[in-house]
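A.B. asks: Protein sequences, first through last, are from chains C and W. For what it's worth, the working numbering labels the leading residue of the first sequence as 442, then goes sequentially. For what it's worth, the working numbering labels the leading residue of the second sequence as 442, then goes sequentially. Cβ coordinates follow ideal geometry from the N, Cα and C atoms, glycine included.
2 protein chains.
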Amino acid sequence: MVTIKDVARDAGVSVGTVSNVLNGGRVSEARRKLVEASIEKLGYQVNTLAKGMRMQKTDYVVVILPNLINPYFALLLDALESELSAVGKQVLLCLSGDDAEREVAFMDMAKQNKVDGIIGVTYSKVEEERIENMAFVSIDRHYKSHIPCVAGDNWQGGWLAAENLHKRGSTNLLCFMTMSSVDSEVRKRRVGFTEYCMEHDLSCNSVEMSEKQIVSVYESYGSRKLIHNMLRAYISPSLGEHSIDGIFTSSDHLATIVREELEEMGKRVPEDIQIIGYDGLQFLNQGKPIVSSIAQPVHEIAKQAVKSLTDMIENGKAEDVTNIPVTFHEGPTTKPLETISE
Amino acid sequence: MVTIKDVARDAGVSVGTVSNVLNGGRVSEARRKLVEASIEKLGYQVNTLAKGMRMQKTDYVVVILPNLINPYFALLLDALESELSAVGKQVLLCLSGDDAEREVAFMDMAKQNKVDGIIGVTYSKVEEERIENMAFVSIDRHYKSHIPCVAGDNWQGGWLAAENLHKRGSTNLLCFMTMSSVDSEVRKRRVGFTEYCMEHDLSCNSVEMSEKQIVSVYESYGSRKLIHNMLRAYISPSLGEHSIDGIFTSSDHLATIVREELEEMGKRVPEDIQIIGYDGLQFLNQGKPIVSSIAQPVHEIAKQAVKSLTDMIENGKAEDVTNIPVTFHEGPTTKPLETISE
DNA sequence: CTGAAAGCGCTAACAG
DNA sequence: CTGTTAGCGCTTTCAG
């Protein structure tokens, strides 16, 4: 391996001078040329380990995500990698599998590896001391501590969902969410949803299920049954005009499950009941929407997260940015606007 | 920051002894207890940078993938991360965006960072000197050089596709693939497909399109048009009994495009024409198949890739493993087997 | 401007 | 077994 010493010897200068040309220090033009020639000739590359050790920092950023099975996280990671590499940082990937212990282990690892910072969608309550001296930016999750949070405008998302269900003909609405203990940010969706309903005199119901019960919904008969029963409770001829005809779910994933359950109950979607999900996932991530949905602005979120991280690194602080605009994406689970006049 | 020196001082032993308890060297039970207590008390963590520098290696593995928009890559990365973290390695993520220059830059970076190795789905022809002394395992791509390749059994995949189209009633088959210059492994799909057709006296056509033209198919009107024309050429009443009634595509992505085009042409899928894609992607990555498909054994591929990488690291070589069994996943673009007797 | 030298924290001889 | 010590490759004073 060719080191800075080799370059120095070959160029006939000291290592200090080589280091200076490498890092933009003051070097006479003549010597700079000499050194650059030797670097080229020898094919020298800095050893980032040695550099990192000396500087007590690296250009790594740890990205913590629950998994990549959920396309929303995959898309987010894709966007984050793009933004980070644009500012010369490398992604050290950590998939927590929704396991708080793994998250903690990753944060310790991050400290050991002298990473520049952490960007993450984490579920565990992050303890202050775990991340002392480390820049940390949270996506979608709001903590009480000084960790800056970046998120789409959840209040607006809830409002938009209610508005679109309403304008497309639904009047008996249901807000159906899964919730973990650190989801204070996500809760705003229900607030926006409910406020729209109140302002427009719409019947509005709301259900929250523990995230733990939902997570394994495709494998678990029990949780599926729970959803089934829940829907039965709100949808029935015996309820008359109070029977639900519009549902807002906390994710596209949940929306598809609800859709399947409704169709098994003999309901037509969207003719009898409309559904709006959350995240804006598309068929193969680039075709048609899977369900009608409030789309997360993945790229803007990634961009802001990296910006906030940079602020944290440089100034030790960054503002919360939780009002990035979301949009309604029309999909197969709502009626088109045109048909309302029929 | 607490270093090994601090621990040594606190425990009243030498740094060598601390290093020994850390790395399983010979230490008397009494001192080991002492040191462990100090480590606990001081909250010591090894500095991986210093360790890496001394050892001239780290526990990082670079994973190079084109993107995470394609769910197949996202799923693969999820599985790779899981396998790698199980053997104590960290994922340094590189998304190449199908850009050969970026791939090369990443490989250089990998060398600089003293990573243990690289696992990647790369498009550029990897030059030997780029990866001197580095363990490299390729997924799905076969190179002429000594780089071991891990892949699903592509020959079997092609065979299975033809067999299932046939058994479900199609007799005029078409193999429709996109192809890049380094896809020698993927080409085996067509071989398997064709061989089944020959053995069973089926009419068999085959088309290859340059990958460059397909990549941006959702954005590009031109490439879409190309597919349209191509399909028109093979499907028309004027062809009589030679008109295609079963299509095998090189990806699920392409399968969905073909399906859309066929439906715009007024053909019914699967009644008139059946389609089988490749990769086995599911709705939201865990529900129903998007299209009928030959499913890649993502977890087995990931497991074998990590095993091959370990072999490379330890023995400097590893065998190609390109016969990991694939399976047919029934989806909405083929007729059920039962209906054949009708 | 330039060179010499002091470590960053750790491991691996080596001598005791 | 245990302590001492020489670097790994790099940046950064500090003299010159």
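Evaluate P777 of chain W with the Cβ neighbour count: other Cβ atoms within 10 Å of its Cβ, from every protein chain shown; 16 or more gives buried, anything less gives exposed.
C.D. replies: Looking at its Cβ environment, which holds fewer than 16 other Cβ atoms inside 10 Å, P777 of chain W is exposed.
A.B. asks: According to DSSP, which residues form a beta bridge with V648 of chain W?
C.D. replies: According to DSSP, V648 of chain W bridges with W:F617.
A.B. asks: I want to verify the contact list: residues of chain W whose CB lies under 7 Å from the CB of G493 of chain C, in sequence order.
C.D. replies: The contacting residues are L490.
A.B. asks: Compare the Cα-Cα distances from N726 of chain W to each of W:D693, W:D686, W:E760 and report the closest residue.
C.D. replies: Here the closest residue by C-alpha is W:D693.
A.B. asks: Please compile the residues from chain W whose C-beta is within a distance smaller than 8 Å of the C-beta of H694 of chain C.
C.D. replies: Those within 8 Å of H694 of chain C in chain W are L725.
A.B. asks: Does any residue of chain W bring its CB to less than 8 Å from the CB of G558 of chain C?
C.D. replies: Chain W contact via Cβ: absent.
A.B. asks: In chain order, what residues of the same chain have a beta carbon less than 6 Å from the beta carbon of F577 of chain W, not counting five sequence neighbours either side?
C.D. replies: For F577 of chain W, where only same-chain residues beyond five positions count, the Cβ hits under 6 Å are I559, I588.
A.B. asks: Along chain W, in chain order, which residues have C-beta atoms closer than 7 Å to that of D540 of chain C?
C.D. replies: By Cβ distance, chain W contributes nothing, its closest Cβ being about 12 Å from D540 of chain C, past 7 Å.
A.B. asks: Within the chosen definition, does the stretch 464-475 of chain W reach the stretch 494-506 of chain W through at least 3 CB pairs nearer than 8 Å?
C.D. replies: The stretch 464-475 of chain W is not in contact with the stretch 494-506 of chain W.
A.B. asks: Would you identify the three-state DSSP class for R523 of chain C, choosing helix, strand or coil?
C.D. replies: Note that residue 523 of chain C corresponds to Ser in the displayed sequence, not to Arg. Correct three-state label for S523 of chain C: helix.
A.B. asks: Starting from Q553 of chain W, trace the alpha helix (DSSP H) in both directions and tell me its first and last residue.
C.D. replies: Counting along the chain, the alpha helix (DSSP H) containing Q553 of chain W begins and ends at 541-553.
A.B. asks: How about G561 of chain W: is its C-beta nearer than 8 Å to some C-beta of chain C?
C.D. replies: Chain C contact via Cβ: absent.
A.B. asks: As a quick exercise: from C:E544, C:T489, C:V556, pick the residue whose alpha carbon is nearest that of L750 of chain C.
C.D. replies: Comparing Cα positions, the closest option is C:V556.
A.B. asks: In the DSSP assignment, find the beta strand (DSSP E) that holds A764 of chain C and state where it starts and stops.
C.D. replies: Looking at the sequence provided, one finds Asn at residue 764 of chain C rather than Ala. Where N764 of chain C is concerned, the enclosing beta strand (DSSP E) stretches over 762-765.
A.B. asks: Is A592 of chain C helix, strand or coil by DSSP?
C.D. replies: Correct three-state label for A592 of chain C: strand.
A.B. asks: Under 7 Å between beta-carbons, which chain C residues line up against E522 of chain W? List them in chain order, please.
C.D. replies: Neighbours of E522 of chain W on chain C, chain order: L534, L536.
A.B. asks: For D720 of chain W, which beta-bridge partners are listed by DSSP?
C.D. replies: W:A736.
A.B. asks: For a test of the three-state rule: what should DSSP assign to V578 of chain C, helix, strand or coil?
C.D. replies: Three-state result, V578 of chain C: strand.
A.B. asks: Can you have a look at M494 of chain W and say buried or exposed, based on whether 16 or more other CB atoms are within 10 angstroms of its CB?
C.D. replies: By the 10 Å Cβ count, M494 of chain W comes out buried.
A.B. asks: Counting only beta-carbon atoms, is G728 of chain W nearer than 8 Å to chain C?
C.D. replies: Yes - at least one Cβ of chain C is within 8 Å of the one on G728 of chain W.
A.B. asks: Near V549 of chain W, what residues of its chain come up, given a Cβ to Cβ distance below 6 Å and the 5 sequence neighbours on each side ignored?
C.D. replies: Position check: residue 549 of chain W holds Asp in this sequence, whereas Val was assumed. Nothing meets the Cβ criterion.
A.B. asks: Is V532 of chain W buried or exposed, if buried means 16 or more other CB atoms sit within 10 Å of its CB?
C.D. replies: Buried: at least 16 other Cβ atoms inside 10 Å.
A.B. asks: Hey, is the stretch 725-742 of chain C in contact with the stretch 757-774 of chain C, meaning 3+ C-beta pairs nearer than 8 Å?
C.D. replies: With the cut-off at 8 Å, the stretch 725-742 of chain C and the stretch 757-774 of chain C touch.
A.B. asks: Residues in its own chain within less than 7 Å of V448 of chain W by CB, not counting five upstream and five downstream?
C.D. replies: Excluding residues within five positions, the ones whose Cβ falls inside 7 Å are V459, V476, S479, I480, L483, Y485.
A.B. asks: Express the C-alpha separation of T763 of chain W and G687 of chain W in angstroms, rounding to a whole number.
C.D. replies: Rounded to whole angstroms, G687 of chain W to T763 of chain W spans 27 Å at the Cα level.
A.B. asks: Are the stretch 579-599 of chain C and the stretch 621-640 of chain C touching by the rule of at least three beta carbon pairs closer than 8 Å?
C.D. replies: Touching, yes, given that three or more Cβ pairs across the two stretches are closer than 8 Å.
A.B. asks: In angstroms with no decimal places, state the Cα-to-Cα distance between I781 of chain C and K608 of chain C.
C.D. replies: Note that I781 of chain C has pLDDT 49, beneath the 50 cutoff, so the model's placement of it is unreliable and no number is given.
A.B. asks: Check the C-beta distance from V710 of chain C over to E704 of chain C and give it rounded, since I have them as a contact under 8 Å.
C.D. replies: Sure, about 6 Å apart at Cβ, within 8 Å.
A.B. asks: Residues of chain C with CB under 8 Å from I754 of chain W, in chain order?
C.D. replies: Residues of chain C passing the Cβ test: none, with the nearest at roughly 18 Å.
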